[in-house]
Every structure is written in C-alpha cells, then in structure tokens.
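Protein sequences appear in the order of chains A and B.
Following the numbering used here from start to finish, the first sequence increments by one per residue and tops out at 248.
Following the numbering used here from start to finish, the second sequence increments by one per residue and tops out at 1248.
The structure under discussion appears below in the form of structure tokens.
2 protein chains.
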Amino acid sequence: MSDDPDPGLPSVAPAAWLIRKLKSTAQISARDCADIENLSFTVRTFGGRTSIVHEGDVPKQCCLVMDGWAYRCRSLANGQRQIFAFYVPGDIPDIESLHLHVMDQGLVAIAQTTVAFVAHSDMRALIERNTSLAMALWRDTLIDATRCRERVISLGRRQAVGRMAHLFCEMYIRLRTVGVADDFRYVLPLTQAELADALGLSSVHANRSLQELRKLGFVTLHRRELIIHDWDGLETVAEFDPAYLHIV
Amino acid sequence: MSDDPDPGLPSVAPAAWLIRKLKSTAQISARDCADIENLSFTVRTFGGRTSIVHEGDVPKQCCLVMDGWAYRCRSLANGQRQIFAFYVPGDIPDIESLHLHVMDQGLVAIAQTTVAFVAHSDMRALIERNTSLAMALWRDTLIDATRCRERVISLGRRQAVGRMAHLFCEMYIRLRTVGVADDFRYVLPLTQAELADALGLSSVHANRSLQELRKLGFVTLHRRELIIHDWDGLETVAEFDPAYLHIV
DNA sequence: CTTTCACTCCATCATAAGTTAAATCGCGCA
DNA sequence: TGCGCGATTTAACTTATGATGGAGTGAAAG
C-alpha cells in the first residue's frame, strides 16, 4: 500500500529494537544478538491508517515495528470491525506467517508508522541455525497468545469501563518496557472509534466509558496523549495483573 | 487432584493421538512419527470437573488429551469465570508451559477425561533433536492462538446466538478431524453454565440462546448429545469460516 | 418408593450497551 | 478570518443481556 521506501537507511536500528524487546521477556545471549544484527532489514514508513498486510495475503516477509503502532483487525459482513491486538516498537506482529501461510487478518498502521521487513527465508535460516533464538521467538508468540486470552477475559467478563482501563494499563506497561513511555503518560494514537473496535463496544459507549474514567480522575486523554493520574485506581477497576505479559 | 493412575497401560495410544492431530494441520515425516512414538507417556484418567493443572502451578510436564474434553479457565474476583478454550483428543493444552513457566490459568477435566503426560525434559530433548517436529508444534500453538482470536471476534462482535452457533460449528469440525465426531452429531459434555462461561454470557441467557437455536431448527441438545440438523443455517448465523482452524 | 441433587427452563424486572441523530469542538486550509 | 471536515460529545430511545427466584425434570442414592 502507501509507503515511502527508504532503501538508503542503515539496518542497525531494527535489530536493536528486536533485541531490546526479546531481552525484556527472555534470556538472550551475545551470539543471539549477533545473529539478529546480521539479519538484513528493509525499512519502510507507512502513513496513517494504511494497510501493511492485507487479509488474504500470503506474505514472504515478517515485519518488525520500529516506530508508531500497528493493529491486526478483521471486518465482518455487517460492516463491524474487531481489532485483535496492538503492536508497538519491538513487536513482530506477523511472525506467525512463517508457519501459517495465508493471513486471516489484516495488519494496519496507525498514524505514521515505521516498520522493518525481514525475508521469511532469512528468518527460517536463522531459526534453523540458532535454536535458542528460535525458542525465544516461539516464546514471544506464546506471550502474544496470553495477551489474546486476556482480551477474551476482558470482552467476556469485564464491563466497558474495566475493559478500557485494562487496555490503558497493558499498553503503558508494554510501552514502558521498550522505553517508549514513562512517567505514567504515553501517546495513544487511536480514535475513539478504534478504541471501540478493540474493546467490542460502540463508539458512543466507548466515549461514555472514557468520560467515566476521566470523571473518576484516573486518566486524561487529550490530543492523543494519555496521562494516568491514578495508576492504582486504574489497575483496580481493570483488575489488571501484569503477570500475563511475562516481562522478566 | 482426583485421578486413577494407570501405570500398566502401554504408551502406544497417546502417540497415535498426537500423530493424528499433527497430521491434520502439518506435514509429518516418518522420522517425526518415530520420534513421537519413542516418547514415554504416563496415562491418567481424571473424574468430572477435576483440576488437571492449577492456576499458579509450575508444571514439569505437558499433557495430551486422549479421551474426553478439558478446558482452560480463570476465575475473577467477583466469582465469575471465563473459559478460554476447549481441548479434545489429540490436543496438548499446556504445551506453552515449556516456555512460560507459571500457568496463569487452570486446566480442568470435563466429565471423565483421560490424558497422557510427557516430561518437559523429554519434550525439550525432542525439540532440540528434531527441528521439523519443533516447527510443527510451534505451528500448533499458533493455531491455538488463531482460535483464541476467533473467540475475541465472537465475544466482541457477535450476539449470543451467533457465539453459541460458532462454538458448535468449531467443535464439530475439530472433533470430526480427529475422528471423534461424524454425521453432524457429537457428545457435548458441557452444562449450560459452562457454555455460558465460555461464551461470556449468564447461564440464563445461554439457555435463551440455545432455545433460539432449537426453535430455528438448527440443533437439538439432549442428554449431552448435540445434533446439528441444519449445518448451513448454523454456519450462517455463526458467520463461521473454518479457514482459521488451518486444517490441511 | 422417596429423597436429593443437578440441571434445565421460565417469568419478571433491572441495567449495560447499542442506535441514531444532532450539536459541538478543533484543526487544517483557503 | 471563516470554511470544511473529521472527531468528540450529548441526548433520547431501543434492545440485548444480566439478576433473581422459582418451578419442572430426571437420574442416582438411600
């Protein structure tokens, strides 16, 4: 889709992101780092709300988020959408495409988003050669699955306000882990309609829930910046326990 | 928990289940089969509604379902429960425990359920030695994640009747794939309260939705046997598309 | 045969969330 | 400065689902 290829960029930065991310959830050796740094990346920047991978595509490469956010989503017959997960710097949203060839969901860039592509063939070679790194990547996909299960609990058993609070908590922890957030604030590049699609709500009710969190004094959200004023309060209404993120 | 150890049973059957399952979603070589058959399994039978693995446990083994069903679930502060996924013969519900050490959910046997345990150490040795099998197992965990995402869509964007229909469709396809269901009928060993916990509903509303499916003439459910009278109708209200199960 | 128990089913009322539409805000742009 | 457009906010109303309590049912146990 839309993009501006940056063929001239050095491919050191992407490796650093991936290393930082993997180190946050697993033990990574010097050899693993070297192997990651030897990968060859192609960096591209996508404009807001453009598709990185389409539903039904058969990708030949994985992508690594370097800047901005991306999300996976699927559209339904009646025009509704469901956003499954958000991906932030260091994440590889479509690593599963190594094993499951046709993408059953689309991958979309929110706002301006920079990603680095790695060829499947390179990833496969790496995985064959370096078992410990393969295990770390497998582990990463398993953590992605635990986040998905947490989403199931949210949608199944939490009310709208709790769901939203939970998402705000999770994203803060994840962003802070890779050094993109601090001091209980971060850039949340989502419209309320997108929040609604992620939380299984209508956009009107997403707005109501957000107001509720503001009225409680837990957060403010203004000009795409989320500020958490009362972490403990937010954590409580969310019933948030970061254990499922498996951050070491 | 409850159980009757059967130390005398030969360990051929468990391997056969696993092989059948993996063959349904990936290419499995003769060498892979041989390696699976060389694993040593410990078979145990659990009574109805007993815990196989507790929330918070640090298991030293994986379990393979051979007969019956199991589910993963978590309880919330207010006493509500969420069931994340059901597991049927051939499935390894807790293969993730190889990489994520503390179980953040419990694993429960429904009705009488027979499982086979394999020591983590044996699984790790196998994975190190046989890369192609490791990839097949990784792939299997990724398919588990796609099922989880489908659950997210259900809870987020489908109404109660559609959610239930979707579950009925998924379980039929999965059971048929491993040869445990046929002819549009199968044993559904769940109470309506358990159905509700899986679908994010109250048990009263699960009952209403079930009545609705009966009234539409799509299914009957009597004495734990589900009969699908109108597959196309069920598939339509469910918006069910089996692609996400990645059955080859 | 009775008792018990778990499950199913049903009626009623309460409430969270969806729908629609319109008003308002904020920002980029002419 | 004022226009235009998307995003946010508010309101009025509808609907799906939750909560409670109680009545049927059937199988197992005594």
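By construction, the Cβ of each residue, glycine as well, lies at the ideal position given by its N, Cα and C atoms.
So, is residue i buried or exposed, given that buried needs 16 or more other C-beta atoms within 10 angstroms?
i, result
"V1219/B", "buried"
"A238/A", "buried"
"I1052/B", "buried"
"R223/A", "exposed"
"S97/A", "buried"
"S121/A", "exposed"
"L18/A", "buried"
"H54/A", "exposed"
"S30/A", "Reading off the sequence, residue 30/A comes out as Ala, not Ser. So A30/A counts as exposed."
"E128/A", "exposed"
"R1158/B", "buried"
"G1056/B", "exposed"
"V1102/B", "exposed"
"V43/A", "buried"
"Q27/A", "exposed"
"P1010/B", "Note on P1010/B: pLDDT 43, under 50, position unreliable in the model; the coordinate value appears next. Exposed."
"I247/A", "exposed"
"S1300/B", "Chain B is shown only over 1001 to 1248; residue 1300/B falls outside these bounds and no answer can be derived."
"L155/A", "buried"
"L1137/B", "buried"
"R163/A", "buried"
"L1133/B", "buried"
"M1213/B", "In the sequence under discussion, the amino acid at residue 1213/B is Leu, which differs from the Met named in the question. By the neighbour-count rule (16 or more Cβ atoms within 10 Å), L1213/B is buried."
"A15/A", "buried"
"D91/A", "buried"
"A243/A", "exposed"
"F117/A", "buried"
In chain B, which residues lie less than 7 Å from residue i when you measure between Cβ atoms?
i, result
"E170/A", "Within 7 Å Cβ-Cβ: nothing; E170/A doesn't reach chain B, min ~14 Å."
"G200/A", "L1155, G1156 and R1157"
"F84/A", "R1149 and V1152"
Which bits of chain B does residue i rub up against, with CB to CB less than 8 Å?
i, result
"R139/A", "H1099 and L1100"
"E194/A", "Within 8 Å Cβ-Cβ: nothing; E194/A doesn't reach chain B, min ~13 Å."
List the whole-angstrom C-beta distance separating residue i from residue j, where the pair is believed to meet the contact cut-off of C-beta under 8 Å.
i, j, result
"R65/A", "T113/A", "Checking the displayed sequence, the identity of residue 65/A turns out to be Val instead of Arg. Yes, they are in contact, since the Cβ atoms of V65/A and T113/A sit about 7 Å apart, within 8 Å."
"D1144/B", "T1025/B", "The pair is not a contact, with the Cβ atoms about 11 Å apart (cut-off 8 Å)."
"L1263/B", "D1035/B", "Residue 1263/B cannot be examined here, being either before or after the span of chain B that is shown, 1001 to 1248."
"S203/A", "Q192/A", "5 Å"
"V968/B", "R1049/B", "In the structure as shown, chain B starts at 1001 and stops at 1248, and residue 968/B therefore has no counterpart that could be examined."
"E1225/B", "R1174/B", "Their Cβ separation, rounded to whole angstroms, is 17 Å, which puts E1225/B and R1174/B out of contact at 8 Å."
"R72/A", "P93/A", "6 Å"
"A160/A", "L195/A", "Not a contact, Cβ separation roughly 10 Å."
"I110/A", "L190/A", "7 Å"
I want to verify the contact list: residues of chain B whose CB lies under 9 Å from the CB of residue i, in sequence order.
i, result
"L76/A", "I1153, R1157, R1158 and E1239"
"T220/A", "Going along chain B, no residue has its Cβ under 9 Å from T220/A, so there is no contact; the nearest lies around 26 Å."
"A243/A", "V1102 and D1104"
"T131/A", "I1127, E1128, T1131 and A1134"
Using the beta-carbon of each residue, which ones in chain A are nearer than 8 Å to residue i?
i, result
"Q1080/B", "R157"
"H1246/B", "L100"
"D1144/B", "A145"
Practice prompt. Spell out a yes or no on whether the stretch 147–165 of chain A and the stretch 77–94 of chain A are touching, meaning 3 or more CB-CB pairs, one atom from each, closer than 8 Å.
Written response: yes
Item to complete: Give the residues from the stretch 89–115 of chain A that approach chain B closer than 8 Å (Cβ to any Cβ), ordered along the chain.
Response: E96, H99, L100, V102, D104 and Q105
Discussion item. Taking beta-carbon pairs under 8 Å, can you tell me which members of the stretch 1147–1160 of chain B lie near chain A?
Written reply: C1148, R1149, R1151, V1152, I1153, L1155, G1156 and R1157
Worksheet item: With contact counted as at least three CB pairs below 8 Å, one residue from each stretch, are the stretch 1054–1063 of chain B and the stretch 1094–1108 of chain B in contact?
Response: yes
Worksheet item: Is the stretch 1157–1172 of chain B close to the stretch 1221–1235 of chain B, with three or more CB pairs under 8 Å?
Response: yes
Worksheet item: For the 8 Å Cβ check, are there 3 or more pairs between the stretch 1014–1029 of chain B and the stretch 1174–1189 of chain B?
Response: yes
Discussion item. Against chain B, which members of the stretch 171–182 of chain A pass a CB distance test of less than 8 Å?
Written reply: none
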